Structure formats: structure tokens, C-alpha cells
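What follows is a short report on a single structure.
Numbering (this note's numbering), first residue to last: 412 to 674.
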């Protein structure tokens, strides 16, 4: 299991999420304790989201949810995963109710590749507006203490929900229109199209100015993240080896001088 886990982490660092998913899926066969099962499920959820394979998320979110090893933070991540699955499946009511159960402090940095607290607030409100009545938005979203913490990170989204519940439909619609403009941001904002952006990014990758891989079929850029721990370890080993080489050279020099060899 550890070997497959290491291969998974290596592939993730290289941006090869497809291979990473293959290795972590194989590691499930060797999971014998609840903690390992939960960790494996969450990794599969993360990779499935990055690969936009949302249908796999529900299955592993369910497996993770029924794992004995599950703390409060883990439950928030599971609910966020459910929310993504329901939203991409068009089940907006279920999505909104799932996002409403997420606590922003529980997501953490590592899960930010999948969804962050600001995303939770945005998706929760938009799905709520599409499927919940005014009373439910008020009680299940605005008055939900932990979801309100997510909302406070995105005041624009919070105000839209509040305007809707306060019958301020004109202000709500105007804000939604502005929001649609920002969410629809694409290559035109950079005075180019998707193919143009891909070409420019490919040049940066080719010049080693950007450490990433391009999925030209899905039009996705997979950025490789440097492994600081491995880099630090390699530097330490290099310094240690330099010290050993220098020390051996000094010992050799001293022995040669001791036996009257010219140096």
C-alpha cells in the first residue's frame, strides 16, 4: 500500500492525475484499517474532481461516510464532495443542502484543489436560488452558522441571498447579472481564444518557464507542485556528501604528509 501511495503522490506532483488515480485505486486492495480506507477514498475523490470525473465522487463519498474513522473535518469534506456531485448532476436542491453542511475551517489547504470555502458559498447560494424557496434559503443557508462563515468570505454572494429573502428582486437580479459576467470570464478577456491560450502556455512549458502539463483534449492545465520536503532532503544529502568528500581528502592529505609523501 505504501508503494502505491508513493507512486500516487509522485504522479500528483507531476500533474499526471490519471496515473495517480490508477495507483491509488490499486492501493485500496491493501487497506486493512479504517483510517487508510478513509484516506484512500478522499484521495480518489480529489483526483476524480481534478479529472472532472464527477460520477465517481458519489460512490467514494459514500464509502468515506460509512468509514468508522471520520472526524468533523472529514465530514465537511465529504459533504463538499457530495455537493459537487449533485451540482454537476443537476440535483441542485441536494447540492445546496450538502454545501450548507460544510464548515470553512475544515476544508484545509490540501482540499482547496477540489473546492474552497468561497466556492462552497458560491455553489451553495446559486444552487439554493435554483431549487429552494425563500424560507429555506433563509433557514438552511443564511441562518446556518457554519455556512454563514463561508458566505462572509464572499460578501457579494451573501448579499444576493439576503436580497432575495428580503424581496429585493431587482437588486438581486442586477447582482446576478454582474456575477454572471465575472463567472463567464474566458479567453476573450485576454484578447485571445482557448487555442491561443493553449499555444502560449505550451511555449512557456517548452521554455521551462512553467512547470506543468497540458491536457489538450480536455483543455486543462495540470501544474506540477514542487516537493519541498524532497528538495530539502536532496540538498541535505548533497551537503553531507560534500562534507564526507572533503573530510576524506583531508585525511588522505594528512596520511601522505605523515609518511613524507609530497603533496
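Glycine is no exception: its CB is placed at the ideal position from the N, C-alpha and C atoms.
This structure is a prediction, so every number in the text was calculated from the model and none was measured.
Alpha carbon to alpha carbon, what distance is there between residue j and residue i?
i           : j           : result
residue 577 : residue 535 : 18 Å
residue 516 : residue 561 : 9 Å
residue 499 : residue 465 : 7 Å
residue 556 : residue 489 : 18 Å
residue 537 : residue 423 : 31 Å
residue 590 : residue 532 : 13 Å
residue 469 : residue 413 : 25 Å
residue 430 : residue 472 : 21 Å
residue 436 : residue 653 : 41 Å
residue 610 : residue 624 : 13 Å
residue 415 : residue 656 : 35 Å
residue 460 : residue 648 : 37 Å
residue 446 : residue 564 : 32 Å
residue 569 : residue 553 : 8 Å
residue 539 : residue 420 : 36 Å
residue 548 : residue 467 : 29 Å
residue 544 : residue 495 : 21 Å
residue 529 : residue 417 : 31 Å
residue 581 : residue 513 : 30 Å
residue 588 : residue 631 : 27 Å
residue 456 : residue 486 : 13 Å
residue 567 : residue 519 : 23 Å
Pick helix, strand or coil for residue i, following the three-state DSSP scheme.
i           : result
residue 570 : helix
residue 553 : helix
residue 577 : coil
residue 514 : coil
residue 649 : helix
residue 520 : coil
residue 501 : coil
residue 587 : helix
residue 656 : helix
residue 443 : coil
residue 477 : coil
residue 619 : coil
residue 536 : helix
residue 434 : helix
residue 425 : coil
residue 530 : helix
residue 565 : coil
residue 415 : helix
residue 464 : coil
residue 543 : coil
residue 525 : coil
Quickly, what does DSSP pair residue i with across the bridge? List them, please.
i           : result
residue 626 : 631
Buried or exposed for residue i, please, with buried defined as at least 16 other CB atoms from any protein chain shown within 10 angstroms of its CB.
i           : result
residue 510 : buried
residue 463 : exposed
residue 615 : exposed
residue 665 : exposed
residue 663 : exposed
residue 454 : buried
residue 526 : buried
residue 618 : exposed
residue 593 : exposed
residue 550 : exposed
residue 660 : exposed
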